[in-house]
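Trainee:
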Amino acid sequence: AESARLYDAAIAARADAEAATVRVSGILESLGDGFLAFDDSWRFGYVNGAAERLCG
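According to the numbering used here, the sequence shown is numbered sequentially starting from 95.
Okay, structure coming up:
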């Protein structure tokens with residue numbers, strides 16, 4: 095019973111994280127300005143549409 099509860103909690107947490115990602119992506123895509131995010135190795139982690147248009 096406990097493992098089923100933990101599994102359900104993990105599934106719910108993943109769904110919440112995916113929904114948050116969709117919300118944040120929507121906000122970043124609605125910006126008129128370019129937005130770039132980099133990881134710890136300076137690789138692109140996120141580039142919104144405005145930044146793509148600016149950079150080509």
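Each residue gets a CB set at the ideal place from its N, CA and C atoms; glycine is no exception.
Alpha carbon to alpha carbon, what distance is there between L130 and C149?
Mentor: Spanning the two alpha carbons is a distance of roughly 11 Å.
Trainee: Tell me the DSSP secondary structure of C128 in three-state form.
Mentor: The sequence given here places Gly at residue 128; Cys does not occur at that position. If DSSP states are grouped into helix, strand and coil, G128 belongs with coil.
Trainee: Please classify G143: does DSSP put it in a helix, a strand, or coil?
Mentor: Correct three-state label for G143: helix.
Trainee: Between the C-alpha atoms of G128 and F138, what's the straight-line distance to the nearest angstrom?
Mentor: So the two alpha carbons sit approximately 13 Å from each other.
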